[in-house]
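Novice: I am attaching a structure below and will ask some questions about it afterwards.
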Amino acid sequence: EFTSVATEKEKWFGTQYKQEYLPKELIKRCEKLINPSSTSRGHFIPFSCIRIQPKKNARTTRVKRSGRRKLNPDLHLPKPNEFIPTDFQLFSKEKHSARPQLPIKIKENEFCRLFHGEDTFYRLPKAYLYFELRNPFGNVDPLHSNMNTLYVELVKDSLTEIVYPAQLGGLYYELSALNYGIQLTVHGFNHKIKQLLETIIDRMVNIKVNPQRFEIIKEKVKGSLQNFHRDDPYEMARYGVRYLIVEHQWDKDELLSCIDSITAHDLDSFITRMLTRFFTNSLMYGNLTKDHALEYMNLIEQKFQEKRFYQPLFPGMWFNQRGLILPEGCNYAYKMLNDAHKIYAIEIYLQCFQQTLENNALLELFCHVVHERCFDQLRTKEQLGYIVSSGACRSLGGVQGFAVIVQSARKLDHVNQRIELFIDS
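Counted from 1, the sequence shown has number 73 at position 45 by the numbering used here; the numbering is strictly sequential.
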């Protein structure tokens, strides 16, 4: 539109433009706006304070107050933050080691299995606590899976008031509902990490189902299930691969079909039954001694045994997530419907071998070498789509593989062919 007006061309990108002086009329209009009435002025005068001593034998008078106004109870200072750390002592007596220390098992009984590792590599006043509360009742069917999710969301809702002060103190937590039960992680500065852990366990044990909050959270979970088919296509593709290779995964439509039938009383009965029988796997790593780790584990045992009639799980009831091993040379295709987007996504998953330390390292090295080449070829050169990614794909069942995912507006057959050609190369 303005090509005919441009008189010059930019050196690097070849952009055409025209350069001219501002009109004198515009400059005069701007000058008129600059006057004392439209500007502000601040004066800063240096000063100092001198303490004046009262004179001797001087008369003093005491002024009586007619009355003292009451303080407004709505205006007050915040309470002291119990999560602010003040002790940053390092418990490890060793100097910086050449590599991180591997955790070792320090406790195992009918209630728990505990691994502990002391940080001798980074030497920071921080710790990481990881807990798996394994329970066979949380995923026997879609109904119980939904109730497991609702329980976790209720606990997180009750902990909302402590999240901000804990974060100010450098402490964080994550609570998730998984196929095998519940996963809890607490990490941050180790000085006050016990207080946060104790608060979370107290809420988990003493949770009471509020009917009003239950209905709100239930609608939130239901809305998440309903909106699943409106997610980005690449997110659905990732979910689809993991849904196929992991045992006892429930489809979103199956979960949605039974969530309306859950009542507050049903959830309360489920919580009572679930918290009476489970097994805890735990890893504690960082600026923690062996005694600290045992103390935290004993704290959890006592909390659950005091409030619930806890019974240990029989070995046959331990729920271990299993992954499906695909036959060598097989080729399966699985399609999912997304009715909210006009673009597509495809993920090609190549299963390689089971998870071991050596196999994991080999797969990570391969993914590191291939990642840049994959992005350069499929996105930069062929421009198949904006989202192009590759990397390791691991499941809870111990299987793993290499995956390439592309989200594109082009036909799926064409994108699939280009990905396979890249893999073959």
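We treat Cβ as the ideally placed atom computed from N, Cα and C, and that holds for glycine.
CB-CB under 6 Å to isoleucine 376, same chain, minus the five flanking residues each way: which ones, in chain order?
Specialist: What you label residue 376 is simply residue 348 of the sequence shown in a count that begins at 1. For isoleucine 376, where only same-chain residues beyond five positions count, the Cβ hits under 6 Å are Val432 and Ile447.
Novice: Could you check the C-alpha separation between glutamine 339 and phenylalanine 307 for me, to the nearest Å?
Specialist: Taking the first residue of the sequence shown as position 1, residue 339 is located at position 311. Taking the first residue of the sequence shown as position 1, residue 307 is located at position 279. Near 10 Å, if we compare the C-alpha coordinates of phenylalanine 307 and glutamine 339.
Novice: Apart from the five residues just before and just after serine 417, which ones in its own chain have a Cβ nearer than 7 Å to its Cβ?
Specialist: Residue mapping note: residue 417 aligns to position 389 of the sequence shown, counting from 1. Taken in chain order, the residues that qualify are Ile433.
Novice: Mind checking which residues open and close the alpha helix (DSSP H) that includes threonine 177?
Specialist: Residue mapping note: residue 177 aligns to position 149 of the sequence shown, counting from 1. Per DSSP, threonine 177 belongs to the alpha helix (DSSP H) from 170-186.
Novice: With a cut-off of 8 Å on the beta carbons, I'd call leucine 157 and leucine 206 a contact; round off their distance for me.
Specialist: Numbered from its first residue, the sequence shown carries residue 157 at position 129. Numbered from its first residue, the sequence shown carries residue 206 at position 178. In fact, because the Cβ distance is near 17 Å, the residues do not count as touching under 8 Å.
Novice: Could you check if proline 410 is buried or exposed, using at least 16 other CB atoms within 10 Å of its CB as the buried criterion?
Specialist: Residue numbering aside, residue 410 sits at position 382 when the sequence shown is read from its first letter. What sits at residue 410 in the sequence shown is glutamate, not proline. Answer is buried; the Cβ neighbour count reaches 16.
Novice: Output the boundary residues of the beta strand (DSSP E) element that contains asparagine 309.
Specialist: Within the sequence shown, numbered from 1, the residue matching residue 309 stands at position 281. It spans 307-314 - the beta strand (DSSP E) in which asparagine 309 sits, taken as one unbroken run.
Novice: Tell me, which residues are paired with lysine 135 by DSSP?
Specialist: By one-based count along the sequence shown, residue 135 stands at place 107. DSSP lists Leu142 as partners of lysine 135.
Novice: Round the Cβ separation of asparagine 174 and asparagine 315 to the nearest angstrom and send it over; I've been treating them as touching at under 8 Å.
Specialist: On the sequence shown, position 146 is the one that residue 174 refers to. On the sequence shown, position 287 is the one that residue 315 refers to. 39 Å between Cβ atoms; not a contact.
Novice: Taking the straight line between their C-alpha atoms, what separation do you get for alanine 321 and methionine 312?
Specialist: Counted from its first residue, the sequence shown places residue 321 at position 293. Counted from its first residue, the sequence shown places residue 312 at position 284. Their backbone Cα atoms lie some 6 Å apart in a straight line.
Novice: Identify which residue in Glu181, Gln195, Ile210 and Tyr262 has its Cα closest to the Cα of lysine 250.
Specialist: As a first step, residue 250 is located in the sequence shown; it is residue number 222 there, counting from the start. Taking only the C-alpha atoms, the option nearest lysine 250 is Glu181.
Novice: Is the shortest distance between the beta-carbon of tyrosine 158 and the beta-carbons of chain D less than 7 Å?
Specialist: Of the protein chains in this structure there is only one, and it is not chain D.
Novice: Please classify valine 233: does DSSP put it in a helix, a strand, or coil?
Specialist: For the purposes of this step, residue 233 is taken as the residue at position 205 of the sequence shown. In this structure, valine 233 counts as helix in the three-state DSSP scheme.
Novice: Which stretch, first to last residue, makes up the beta strand (DSSP E) that contains tyrosine 158?
Specialist: Locating residue 158 in the sequence shown gives position 130, counting from the first residue. It spans 154-162 - the beta strand (DSSP E) in which tyrosine 158 sits, taken as one unbroken run.
Novice: Near cysteine 380, what residues of its chain come up, given a Cβ to Cβ distance below 6 Å and the 5 sequence neighbours on each side ignored?
Specialist: Counting from one through the sequence shown, the residue named residue 380 turns up at place 352. Answer for cysteine 380: Gly429, listed in chain order.
Novice: Once DSSP output is grouped into helix, strand and coil, what is the label at arginine 350?
Specialist: To locate residue 350, count along the sequence shown from 1; it is residue 322. Arginine 350: coil per DSSP, three-state reduction.
Novice: Whose C-beta lies closer than 6 Å to the C-beta of tyrosine 271 among residues of the same chain, with five residues either side of it excluded?
Specialist: Within the sequence shown, residue 271 is the residue found at index 243, counting from 1. Excluding residues within five positions, the ones whose Cβ falls inside 6 Å are Gln277.
Novice: Since glycine 216 contacts glutamate 160 with CB under 8 Å, what's their CB separation in whole angstroms?
Specialist: Looking up residue 216 in the sequence shown gives position 188. Looking up residue 160 in the sequence shown gives position 132. Their Cβ separation, rounded to whole angstroms, is 20 Å, which puts glycine 216 and glutamate 160 out of contact at 8 Å.
Novice: Work out the CA separation of lysine 37 and leucine 390 for me, nearest whole Å.
Specialist: For this step, residue 390 is matched to residue 362 along the sequence shown. For this step, residue 37 is matched to residue 9 along the sequence shown. The straight-line gap from Cα to Cα measures roughly 52 Å.
Novice: As a quick exercise: from Asn63, Arg350 and His369, pick the residue whose alpha carbon is nearest that of tyrosine 262.
Specialist: Translated into positions along the sequence shown, residue 262 becomes position 234. The option with the nearest alpha carbon to tyrosine 262 is His369.
Novice: What's the call for valine 91, buried or exposed, on a 16-neighbour Cβ count within 10 Å?
Specialist: Residue 91 sits at position 63 when you count from the first residue of the sequence shown. Model confidence at valine 91 stands at a pLDDT of 49, short of 50, so the residue's coordinates are unreliable; what they give is reported in the following sentence. Answer is exposed; the Cβ neighbour count stays below 16.
Novice: Which residue's Cα is closest to the Cα of tyrosine 192: Pro106, Phe332 and Ser204?
Specialist: One-based indexing of the sequence shown puts residue 192 at position 164. Among Pro106, Phe332 and Ser204, the Cα nearest to that of tyrosine 192 belongs to Pro106.
Novice: Name the DSSP beta bridge partners of glutamate 110, please?
Specialist: Within the sequence shown, numbered from 1, the residue matching residue 110 stands at position 82. DSSP, once it has assigned bridges, lists no residue as partnering glutamate 110.
Novice: On a CA-only basis, which of Arg151, Asn63, Ile134 and Arg401 is nearest alanine 126? Give me that one, please.
Specialist: Translated into positions along the sequence shown, residue 126 becomes position 98. The shortest Cα separation from alanine 126 among Arg151, Asn63, Ile134 and Arg401 belongs to Arg151.
Novice: Considering only their Cβ atoms, is the gap separating valine 274 from serine 453 smaller than 7 Å?
Specialist: As a position in the sequence shown, residue 453 is number 425, starting the count at 1. As a position in the sequence shown, residue 274 is number 246, starting the count at 1. Contact flag unset, no.
Novice: Please say whether lysine 318 and histidine 144 have beta carbons closer to each other than 7 Å?
Specialist: Counting from one through the sequence shown, the residue named residue 144 turns up at place 116. Counting from one through the sequence shown, the residue named residue 318 turns up at place 290. Yes, they are a contact pair.
Novice: What are the boundary residues of the beta strand (DSSP E) that includes glycine 198?
Specialist: Residue mapping note: residue 198 aligns to position 170 of the sequence shown, counting from 1. Segment: none, glycine 198 is in no beta strand (DSSP E) and carries neither H nor E.
Novice: So, for proline 170: in the same chain, excluding its five sequence neighbours on each side, which residues have a beta-carbon less than 6 Å away from its beta-carbon?
Specialist: Looking up residue 170 in the sequence shown gives position 142. For proline 170, where only same-chain residues beyond five positions count, the Cβ hits under 6 Å are Trp278, Glu282, Leu283 and Cys286.
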